[in-house]
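Colleague: Its first residue numbered 1, the sequence shown is counted upward by one per residue in the UniProt record's numbering. A virtual CB, placed ideally from N, CA and C, is assigned to each residue, including glycine. Input: one structure, supplied below.
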Amino acid sequence: MKISLTDAPAAYDEVNIEIRQVLVNQDEDADEPNDNGEDNDEGEEDNGWYSILDDSMTVNLLDYQNGNTLELGETELETGQYNQVRLILGDDNTVVVDGETYALATPSAQQSGLKLLVNANVEEDQVYELVIDFDASQSIVETGNGNYILKPVLRTVNLEEQASIAGTVLPVEAEPFVYAIVGQDTVGTQPDNEGNFKLVGLEDATYNVSFNPTNDAYADSLVEGIELEDGEEFEFEETIELESSGVLN
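Structure representation (structure tokens):
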């Protein structure tokens with residue numbers, strides 16, 4: 001099994017998260033791993049827990065948006081169904097806002113790890129690839145007086161089975177966020193320096209795609225009725241051109 005990390009867009013300079021361990025288990029009701037998984041080498045089993053991450057690392061989540069992922073680790077597992085992933089964070093977490101660095105307080109309840117239920121069928125001689133989508137924008141709570149709390153909002157994505165929407169939106173000066181919306185569910189990203197974007201990990205459904213500039217000189221835009229089936233990789237044939245809002249900066 002291979003596990004990677006990606007992020008949804010957020011209006012911060014940096015969001016730095018210390019990841020101490022990533023563990024998987026076949027039992028979705030398995031208790032928390034012993035010692036928070038600290039002493040497990042990669043691939044070592046502890047009460048049904050298998051370690052994916054060899055060494056702890058600190059990651060700026062904002063480096064892994066727009067379909068980009070960071071591989072956290074890979075290990076051999078026995079064939080079968082794996083139903084739980086635990087992401088264990090450290091205390092060295094910070095957010096950078098307008099050039100200033102602030103500590104991200106981490107609630108003590110998270111010390112046992114963040115529990116993610118999955119449906120991973122690991123087969124012989126095959127690599128099962130799972131991505132953890134860490135939504136930075138929804139995971140940080142500002143409490144006032146320059147204090148911030150980390151309350152992680154996560155989801156898991158199987159890139160081989162789930163759909164995507166890609167394209168180009170211009171001008172880059174609009175600095176838009178791009179969102180795929182179905183019902184109350186939203187998946188977002190921010191285009192790269194050339195305006196290219198990719199929304200990944202989408203379930204089969206009919207989506208509206210919203211383009212929301214952060215530059216007030218440009219107006220919002222909405223494309224409706226993009227139907228995705230069978231893990232389709234949809235790509236806009238034409239560049240999305242954002243129009244002026246009439247507001248002068």
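Could you check the C-alpha separation between GLN26 and GLY67 for me, to the nearest Å?
Modeller: 28 Å
Colleague: Can we say the segment 187-206 touches the segment 167-176, given the rule of at least three CB pairs closer than 8 Å?
Modeller: yes
Colleague: Check whether the Cβ atoms of LEU104 and VAL95 sit closer than 9 Å, and answer yes or no.
Modeller: Yes.
Colleague: DSSP three-state label for GLN138, please.
Modeller: helix
Colleague: What residue range is occupied by the uninterrupted beta strand (DSSP E) comprising ALA103?
Modeller: 100-105
Colleague: Just how far apart, CA to CA, sit ASN212 and ILE140?
Modeller: Taking the straight line joining both Cα atoms gives about 21 Å.
Colleague: With 16 other CB atoms within 10 Å as the buried threshold, where does residue 256 fall?
Modeller: Because the chain in this structure spans residues 1 to 249, residue 256 falls outside the shown range and cannot be described.
Colleague: Please report the distance separating the alpha-carbon of ASP185 from that of ILE226.
Modeller: 15 Å
Colleague: Given this structure, state the Cα-to-Cα distance separating GLY99 from ASP13, to the nearest angstrom.
Modeller: 7 Å
Colleague: Using a threshold of 9 Å, state whether the C-beta atoms of GLY127 and GLU74 are closer than that.
Modeller: What sits at residue 127 in the sequence shown is Val, not Gly. Going by C-beta atoms, VAL127 is nearer than 9 Å to GLU74.
Colleague: Can you grab the Cα-Cα spacing for the pair THR239 / ALA219, in whole Å?
Modeller: 16 Å
Colleague: Just confirm the distance between the C-beta atoms of ALA163 and PHE234, as a whole number of angstroms; I'd bet it's less than 8 Å.
Modeller: 7 Å
Colleague: Within its chain, find whatever has a CB closer than 7 Å to the CB of GLY48; leave out the 5 residues flanking it on each side and keep chain order.
Modeller: ASN25, GLN26, ASP27, ALA30
Colleague: Excluding the five sequence neighbours on either side, which residues of its own chain have a C-beta within less than 8 Å of the C-beta of VAL81, listed in chain order?
Modeller: The amino acid occupying residue 81 in the given sequence is Gln; Val does not appear at that position. A distance below 8 Å between beta-carbons, with the five flanking residues on each side excluded, links GLN81 to the following residues of its chain, in chain order: GLN26, ASN119, ALA120, ASN121, VAL122.
Colleague: Go ahead and pull the three-state DSSP assignment for SER112.
Modeller: helix
Colleague: Does the beta-carbon distance from VAL59 to ILE3 come in below 9 Å?
Modeller: no
Colleague: Considering only the beta carbon of each residue, do VAL187 and GLY167 sit closer than 9 Å?
Modeller: no
Colleague: Have a look at TYR65 and MET57 and give me their C-alpha separation to the nearest angstrom.
Modeller: Looking at the sequence shown, residue 65 is not Tyr but Gln. Going from the Cα of GLN65 to the Cα of MET57 covers about 18 Å.
Colleague: Taking its Cβ as the centre, do 16 or more other Cβ atoms sit within 10 Å of THR206, making it buried, or is it exposed?
Modeller: Counting Cβ neighbours within 10 Å, THR206 comes out exposed, since fewer than 16 surround it.
Colleague: In this structure, how does DSSP classify GLU243 when only helix, strand and coil are distinguished?
Modeller: coil
Colleague: Is VAL95 helix, strand or coil when you go by DSSP?
Modeller: strand
Colleague: Since LYS198 is in the beta strand (DSSP E), which residue starts that stretch and which ends it?
Modeller: 196-202
Colleague: Output the distance between the C-alpha atoms of ASP39 and ARG20, rounded to the nearest integer angstrom.
Modeller: Only weak support is given to the placement of ASP39: the predicted model assigns it a pLDDT of 45, under 50, and the question is left unresolved by the model.
Colleague: Starting from GLU32, trace the beta strand (DSSP E) in both directions and tell me its first and last residue.
Modeller: Segment: none, GLU32 is in no beta strand (DSSP E) and carries neither H nor E.
Colleague: Within 10 Å of its beta-carbon, does THR79 have 16 or more other beta-carbons around it, so buried, or fewer, so exposed?
Modeller: exposed
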